[in-house]
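Here the structure is laid out as structure tokens; the discussion comes afterwards.
There are 2 protein chains.
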Amino acid sequence: MTRIEDLETPVPVVDLDRVERNLRRMQDYCDRHGLQLRPHIKTHKIPAFAQRQVALGACGITCQKLGEAEVMADGGLDDILISYPLVGEAKALRLAALARRVRMRVAVDNSLALATVARAAAAAGREIGLLVEFDSGYRRTGVGSVDEALALGMAARDAGLRFDGLMTYPSAAASAEFVAAARPRFAAAGLTLAVVSGGGTPSAWHAHEIAGLTEYRVGTYIYHDRATVAAGVATLEECALAVHATVVSRPAADRAIIDAGSKTLSSDRVAPEAGAGYGLLLDYPDAVIERLNEEHGVIDLSGSARRPELGERVRVLPNHVCVVSNLHDRVVVTRGGVVEGCWPVAARGRST
Amino acid sequence: MTRIEDLETPVPVVDLDRVERNLRRMQDYCDRHGLQLRPHIKTHKIPAFAQRQVALGACGITCQKLGEAEVMADGGLDDILISYPLVGEAKALRLAALARRVRMRVAVDNSLALATVARAAAAAGREIGLLVEFDSGYRRTGVGSVDEALALGMAARDAGLRFDGLMTYPSAAASAEFVAAARPRFAAAGLTLAVVSGGGTPSAWHAHEIAGLTEYRVGTYIYHDRATVAAGVATLEECALAVHATVVSRPAADRAIIDAGSKTLSSDRVAPEAGAGYGLLLDYPDAVIERLNEEHGVIDLSGSARRPELGERVRVLPNHVCVVSNLHDRVVVTRGGVVEGCWPVAARGRST
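Line by line, the protein sequences give chains A and B.
Everything in the first sequence is counted per the numbering used here, starting at 1 for the first residue and increasing by one.
Everything in the second sequence is counted per the numbering used here, starting at 1001 for the first residue and increasing by one.
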């Protein structure tokens, strides 16, 4: 097998030992606090990792898009939550096809998305679970009031769907208030909140403090990245994916160019207080990846006493690992520092 | 064939009529000014488009990475410039394999990259052309002085490579000064600057003002995007790729969520004066895509009198189309407003 130092760059390299520890730690945390863990596959997009998450105790998985769920169902996964509003006839038919194969649940925050799920359940002749998404203050998707949530819950029942409960992202203190206010209203309408699903890696270790949650969705925790380290939820030593790159030019004493640009690392930033530039050079933490072109990473070495040489290989911890994973058809996996294989990122680019 | 309005979203849709006009316009410009056009395939990554560029008069193509060149050679393209320093034995062997199939030229700015090309030429038993890259002030790759350029040129000759000339990116007024200073020095050393290759879409219509250029490399001009429109090099009506998306949630009167996030549109920004947000909503230019999550585009409608409805389809002009193209396995192509097919972005993700 190829040695790590012989891999062609740029290449994302995944440390399976760290992955295993990250998966176990989160599962243990959820077990300890009586939370169901429903990992989000958006970060890894690899069925084998989803299988491992379930083997360790996850109750099922979460996908954002139908295309991801299709890949995961093909990979043998069952009990899939689509935590995303699906709209339209084409989506309904694909959801129906999935529901014939595996247990499906979908979160909605509007009547059109609800109608899509109802249409799918009818077309499939199968039960599809429904969660109503509410907004805990993030101002993305999610209804803003218990009234709206309840109206959707009752509409779900009227449409013959299995109403399962509520979902939010990211969960926060406000989530508990919403759930506390919602529970008696739903109960009065004859609807049970069997599931209250929260999520988000940055605040994962505080999930148990949010009263009422039954389930937790996390994605980034499998690999971690510069953002989750900055959020204090992981250490650098827990980060399981690094992009290996090569210094292909050293045009000035204070500048190095690596063969990893925005098509390899993405242009995602972290908050200024979390660090400068487009990723952390693990071996040269004082150097700054100050600029990315598509295939060039421009490194400012002026603040770094040690400086990489032309031809040297460097490791970059991505700012945001989920989008990096999505840029690559394959990741190299290692165990004990030895290359074990090259795995397809099977659900990469499945954005529909 | 599927109607455009029935395509599942999110989806990049390419207008072939506009592509044809963009390709012709640039070729005409170069022809008029006696410049060889060597289009960069980084933007489209599709062999059929590269074939069309050559059919219209391009002298060859430009690729950034070997993986792109391999796909293009598989697609029948010949005369390929790798405008990027290649470093290491693995790259040398791949370059050698390419050189056995098609005419190759490589740009270098350092001795290690030069040695890689020399190794490839020896391994292939074929001639490989060499350009020395110089820096016109962009501070990325490229040597900073005529002395360094000349040393590399002489080293290329000594290594048995075919020295072809100079390359820079992006070309600018400073490029002409460098070339003027370099030409007599190279001539005195018995080296001819047969090729002086400039590049960059934003300043493309000024390429003829840079004395000494023989060749021009441009990529973005095939599709154009919000950045090149802001640079004044194209109009909105010339932009040939738009991402079609669906409004999947309208959680508040002033907020819409589309099913296109950073995994569809990328996180690339444009300069503040070029426009706010992560792409231009062509049908709602006063709305702002203020935030992207991986699969969510969060649109601020507060400044827009007209507002899209739940379930409505919208078109997004990307900020930077090259990275958007790289996120998608396929683009839908249309002509006269009719869907003609769905083309693989064959060189997508070929980052090594």
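Just so you know, even glycine gets a beta-carbon here, dropped at the ideal spot from N, CA and C.
Just so we're clear, the structure is a prediction, and the values are computed from it rather than from any experiment.
First through last residue of the beta strand (DSSP E) which encompasses GLU1127/B: No beta strand (DSSP E) contains GLU1127/B, which DSSP labels as neither H nor E.
Assign MET1154/B to one of three DSSP states: helix, strand, or coil. helix
Whole-angstrom distance between ASP158/A and PHE178/A, CA atom to CA atom: 23 Å
Using a C-beta cutoff of 8 Å, does GLY1232/B count as contacting chain A? no
Any 3 or more C-beta pairs closer than 8 Å across the segment 1305-1316 of chain B and the segment 335-344 of chain A: no
CA-to-CA distance, SER1203/B to GLU1209/B, given in whole angstroms: 10 Å
For GLY1142/B versus PRO47/A, is the C-beta spacing smaller than 8 Å? no
Can GLU294/A and GLN1064/B be called in contact, C-beta distance under 8 Å? yes
Among TYR1029/B, GLY1212/B, TYR1138/B, GLY1076/B, which has the Cα closest to the Cα of ARG1103/B? GLY1076/B
Check distances from the C-beta atoms of the segment 1307-1329 of chain B to those of chain A and list, in chain order, the residues that come in under 7 Å. LEU1310, GLY1311, CYS1322, VAL1323, ASN1326, LEU1327, HIS1328, ASP1329
With three or more C-beta pairs closer than 8 Å as the rule, is the segment 1248-1263 of chain B touching the segment 109-117 of chain A? yes
Near ALA1176/B, what residues of its chain come up, given a Cβ to Cβ distance below 6 Å and the 5 sequence neighbours on each side ignored? ILE1210, ALA1211, GLY1212
Checking contacts by CB at 8 Å: is ASN1022/B closer than that to chain A? no
Is the distance from the Cβ of HIS1328/B to the Cβ of ASP1225/B below 8 Å? no
ILE41/A - partner residues in DSSP beta bridges: Paired residues: none, contrary to the question.
Assign GLY1034/B to buried or exposed, taking buried as 16 or more other Cβ atoms, counted over all protein chains shown, within 10 Å of its Cβ. exposed
Report all residues from its chain with a CB closer than 8 Å to the CB of ALA1174/B; omit the five preceding and five following residues, and keep chain order. SER1136, GLY1137
Which partner residues of GLN1036/B appear in the DSSP bridge assignment? GLU1215/B
Indicate whether the contact test is met: 3 or more Cβ pairs, each with one atom in the segment 1037-1051 of chain B and one in the segment 1074-1088 of chain B, closer than 8 Å. yes
Contact list for the segment 1080-1092 of chain B against chain A, Cβ threshold 8 Å: TYR1084, PRO1085, LEU1086, VAL1087, GLY1088, ALA1090, LYS1091
Give me the DSSP bridge partner(s) of ILE1289/B. ILE1299/B
Hey, VAL11/A and VAL332/A are a contact pair by Cβ (cut 8 Å); roughly how many whole angstroms apart? 6 Å
Per-residue contacts from GLU64/A into chain B (C-beta, under 8 Å): For clarity, residue 64/A is Gln in the given sequence; the question names Glu instead. By Cβ distance, chain B contributes GLU1294, GLU1295.
Tell me the rounded alpha-carbon separation between ARG38/A and ARG32/A. 15 Å
What does THR220/A touch in chain B if you count any residue whose Cβ is under 7 Å from its own? None at all; the shortest Cβ gap to chain B is about 10 Å.
Burial state of SER1171/B (16 or more Cβ within 10 Å): buried
By the criterion of Cβ-Cβ separation under 8 Å, what are the contact partners of ASP268/A in chain B? SER1262, SER1267
State the start and end residues of the unbroken alpha helix (DSSP H) segment that holds VAL339/A. No alpha helix (DSSP H) holds VAL339/A; the beta strand (DSSP E) holding it covers 338-344.
Extent of the continuous beta strand (DSSP E) to which GLU317/A belongs: Reading the sequence as shown, one finds Leu at residue 317/A and not Glu. Run containing LEU317/A: 313-317, per the beta strand (DSSP E) assignment.
Alpha carbon to alpha carbon, what distance is there between LEU191/A and VAL1071/B? 56 Å
Quick one: is GLY1277/B near chain A, going by C-beta distance under 8 Å? no
Where LYS111/A falls: helix, strand or coil (DSSP): With the sequence shown as reference, residue 111/A is identified as Ser, and Lys is not the correct amino acid for it. Reduced to three states, the DSSP call for SER111/A is helix.
How would you call SER1145/B, buried or exposed, if buried means at least 16 neighbouring beta carbons within 10 angstroms? exposed
Scan the segment 236-251 of chain A for residues whose Cβ lies nearer than 9 Å to a Cβ of chain B and list them as they occur along the chain. THR246, VAL247, VAL248, SER249, ARG250, PRO251
Rounded to the nearest angstrom, what separates HIS1044/B and PRO1318/B at their Cα positions? 14 Å
So, is MET26/A buried or exposed, given that buried needs 16 or more other C-beta atoms within 10 angstroms? buried
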